[in-house]
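Number of protein chains: 2
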Amino acid sequence: MKKIMNDPNKIVDEMIEGMIVAHSDLIKRVPETGVIQRKTKKAGKVAIISGGGSGHEPAHAGFVGEGMLSAAVCGAVFTSPTPDQILEAIKAADEGAGVFLVIKNYSGDIMNFEMAQEMAEMEDISVENIVVDDDIAVEDSLYTQGKRGVAGTIFVHKILGYAAEQGKSIKEIKKLADDLMPNIKSIGLALTGVTTPGAAQPSFTLAEDEIEYGVGIHGEPGYRREKLQPSYDLADELLTKVVKEFDGKEKGQFAVMINGLGGTPLMEQYVFTNDVKKLMDKRNWSLDFYKIGNFMTSLEMQGLSLTLLHLENDFYLEALNAPVKTIAW
Amino acid sequence: MKKIMNDPNKIVDEMIEGMIVAHSDLIKRVPETGVIQRKTKKAGKVAIISGGGSGHEPAHAGFVGEGMLSAAVCGAVFTSPTPDQILEAIKAADEGAGVFLVIKNYSGDIMNFEMAQEMAEMEDISVENIVVDDDIAVEDSLYTQGKRGVAGTIFVHKILGYAAEQGKSIKEIKKLADDLMPNIKSIGLALTGVTTPGAAQPSFTLAEDEIEYGVGIHGEPGYRREKLQPSYDLADELLTKVVKEFDGKEKGQFAVMINGLGGTPLMEQYVFTNDVKKLMDKRNWSLDFYKIGNFMTSLEMQGLSLTLLHLENDFYLEALNAPVKTIAW
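Chains as they are written, first to last, in the UniProt record's numbering: chain A, 1 to 329; chain B, 1 to 329.
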């Protein structure tokens, strides 16, 4: 796999430098770290922090800014940031009202974020967290016990970021996050594998006419391989699985994210969007908010994921619609 | 090449439908056409229109909205829209102050847009145009006499869109466009070929370790193939060529666009951005505005383009920084 890079060992560092020069109005780097923080003035509010391995850009640094994340921690490619790095982010972002960590459900992330949380608490910073496990494709996985955390994480950033901006307390945000999490379900499919920088081979390969349902954002195995189907059938497969998770929900109103995995053209993402809309119409369930594009990628992987957020609480939609100042929302 | 689609002959139609359902707050479709227009109220201002073949998303429909384009015409993949379609766009967008066409320099586009312009003038709509030919890679090409029009077109949309929003007359906008065009220079490189929907083969292929400099956004031949180089060397090759075009310019201030061609991860685009910044620093030329991401793509092609806009006139930077309401700016 050809990549535009210099030294694979410096790719994350150079990427961060590139982001900082390009977006110096919005973000800055905590020197000598993989922490990107926003430039807004501190106002005594709760700080929302996210992060994880790199290779999922624009997640998470692209969502740092007013109304969303206070900081993001960039680990090496597909590798959790260290507790030290996360602690740096917590300390840099803290405004005195507590820091809230958005953690995707990977064993390495959980271990390191929770260790950083303990270290911060020893320094008298109040910290809470939520573990995002929106990927319904498989139970347990290469790096996960339970369900993986994927693109639905971006909705979590947005809604909690708005709550923080509104001045809600860390306890209120914890309650909001706990209530929100069961309302977000995602599932993806891949057309190609993915190769980490410097690796000789992709972590998996698919035949010329083959796809895999349920692949994770680090190339973790999904639940079925088959011949590529028309977009409508792909949408039906994924949506049927997601919808099942919401059985018995009274309010058939949803926000949707169609998320490109890095190498999939927008044209295909919009064709798929059209099919998802048709299938939702058949169920008389409405889509009240759309987010289409590349938000939580897996380097150059071709494929996409579908996320539905059940709009159980009116606050969710209000939060999604609120303006922010970020690179990529 | 696997693609998420249904019928390749309906891919543009279904893409447009997907865009409309997802962004119904911003855009609407002129029924039975490939024309996407903005929903803002008409206010007697000049309307800026762009368009061309599809497959370059988010260009051009992603730039329809307040402060930028009034309408975009979507042709078939890599195929100019017909004069009839362009005329529909002109009529839909006209607010009584004239319509300005942004045309990329491809023979089919020029023929069809100019024919539509004549048809509109017969209906007493005042129309002017600019032909964008920012690609310095090669002179003449598969579908072009002179230089091709590529990602610099987006800067043209932005600056003319702002001028229209400010209430400038069509004559003032024509003058602005004529002055602006020599200040925009682009050049790209490809890591992979591109396959149009339904085609059995890509239009060109590159070896596993090979790149091509100067490839066009429809896969037109570039100026040299060689082994993949480090990002810094790629940036040096492209930037040296662009900078040469600005020899003798007094004011070393520029806006830059690093544009992913569809299949290139943001990580790589930011590494490249970092290298471009270093090379500009060495020249003591400043980058006062950055735009990084996928703006003018070529379906799933891997690669990127570099655009420099010489900020000769302070109005350019003011226009670039002005807020807009679009899908993709």
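The C-beta atom is built at its ideal place from N, Cα and C for all residues, glycine as well.
In this text the structure is predicted, and so the values were computed from the model without any measurement.
Minimum Cβ-Cβ distance from residue i to chain A less than 8 Å
i	result
LYS277 of chain B	yes
GLN85 of chain B	no
ASP209 of chain B	yes
TYR316 of chain B	no
ILE292 of chain B	yes
LEU320 of chain B	no
SER231 of chain B	yes
CB of residue i within 8 Å of CB of residue j, strictly
i	j	result
ALA328 of chain B	PRO58 of chain B	yes
GLN166 of chain A	ALA93 of chain A	no
ILE11 of chain A	LEU234 of chain B	no
ASP209 of chain A	LEU228 of chain A	yes
CYS74 of chain A	ILE154 of chain A	no
ILE49 of chain B	ALA89 of chain B	yes
MET267 of chain A	ALA151 of chain A	no
GLY18 of chain B	THR273 of chain A	yes
GLY193 of chain A	PRO202 of chain A	yes
PHE113 of chain B	ILE125 of chain B	no
LYS185 of chain A	GLU128 of chain A	no
GLY44 of chain A	GLY108 of chain A	no
Start-to-end residues for the alpha helix (DSSP H) that takes in residue i
i	result
SER231 of chain A	231 to 245
ILE20 of chain B	11 to 22
ILE307 of chain A	In the sequence on display, residue 307 of chain A carries Thr and not Ile. It is not in any alpha helix (DSSP H) - THR307 of chain A instead sits in the beta strand (DSSP E) that spans 303 to 310.
ILE86 of chain B	83 to 93
TYR143 of chain B	Here TYR143 of chain B belongs to no alpha helix (DSSP H), and DSSP marks it neither H nor E.
residue 381 of chain A	This structure leaves residue 381 of chain A out entirely; chain A is present only between 1 and 329.
VAL276 of chain B	266 to 283
TYR106 of chain B	Premise fails: TYR106 of chain B is in no alpha helix (DSSP H) and is neither H nor E.
VAL64 of chain A	From DSSP, VAL64 of chain A is part of no alpha helix (DSSP H); its letter is neither H nor E.
Limits of the beta strand (DSSP E) - the one that residue i falls within
i	result
ARG225 of chain A	224 to 227
ILE327 of chain A	Where ILE327 of chain A is concerned, there is no enclosing beta strand (DSSP E), given that its DSSP letter is neither H nor E.
GLY248 of chain B	No beta strand (DSSP E) holds GLY248 of chain B; DSSP gives it neither H nor E.
PHE254 of chain B	253 to 260
ASN129 of chain A	127 to 132
TYR290 of chain A	286 to 293
LEU189 of chain B	184 to 190
LYS3 of chain B	First-last for LYS3 of chain B: undefined, no H or E at that position.
ALA72 of chain A	71 to 77
Spatially closest choice to residue i from the options, by CA coordinates
i	options	result
LEU176 of chain A	A:ASP233, A:SER141 and A:PHE315	A:PHE315
LYS42 of chain A	A:ASP134, A:VAL99 and A:LYS227	A:VAL99
THR196 of chain A	A:ALA47, A:ILE27, A:VAL35 and A:PHE78	A:PHE78
GLY51 of chain A	A:LYS10, A:GLU17 and A:VAL131	A:VAL131
PHE246 of chain B	B:LEU69, B:LEU308, B:MET115 and B:ASN129	B:LEU308
ASN183 of chain B	B:THR192, B:VAL156 and B:GLU17	B:VAL156
ILE159 of chain A	A:MET68, A:LEU299, A:GLU17 and A:TYR270	A:MET68
TYR223 of chain A	A:LEU317, A:SER231 and A:GLY214	A:GLY214
MET1 of chain A	B:LEU317, B:GLN302, B:ARG225 and B:ALA61	B:GLN302
VAL324 of chain B	B:GLU66, B:PHE113, B:MET15 and B:LEU261	B:GLU66
PHE289 of chain A	A:LEU304, A:GLU300 and A:HIS310	A:HIS310
ALA47 of chain A	A:ALA71, A:LYS174 and A:SER231	A:ALA71
ASP13 of chain B	B:LYS278, B:VAL35 and B:SER24	B:VAL35
ASP7 of chain B	A:ASP281, A:PRO230 and A:ASN284	A:PRO230
Proximal residues of chain B, C-beta to C-beta of residue i below 9 Å
i	result
LYS2 of chain A	LEU191, THR192, LEU206, GLU208, ASP209, GLU210, ILE211, LEU228 and GLN302
SER54 of chain A	MET267
is_contact[residue i, chain B] using C-beta, thresh 8 Å
i	result
LEU160 of chain A	no
VAL271 of chain A	yes
TYR223 of chain A	no
MET68 of chain A	no
ASN259 of chain A	no
Proximal residues of chain C, C-beta to C-beta of residue i below 8 Å
i	result
PRO58 of chain B	The structure shown contains no chain C; its protein chains are A and B.
Where residue i meets chain A, residues with beta-carbon distance less than 8 Å
i	result
VAL21 of chain B	THR273, ASN274, LYS277, LEU287 and TYR290
Interface residues of chain A facing residue i [CB-CB closer than 9 Å]
i	result
THR297 of chain B	PRO265, LEU266 and MET267
Interface residues of chain A facing residue i [CB-CB closer than 7 Å]
i	result
GLU17 of chain B	ASN274
GLU14 of chain B	VAL271 and ASN274
GLY262 of chain B	PRO265
ILE11 of chain B	MET267 and VAL271
Listed by chain order, chain B residues near residue i by CB distance under 8 Å
i	result
ASN6 of chain A	PRO230, SER231, TYR232, VAL271 and ASP275
Near the ligand FMN: residue i beta-carbon under 7 Å from a heavy atom
i	result
PHE155 of chain A	The ligand FMN is absent from the structure shown, which contains no ligands of any kind.
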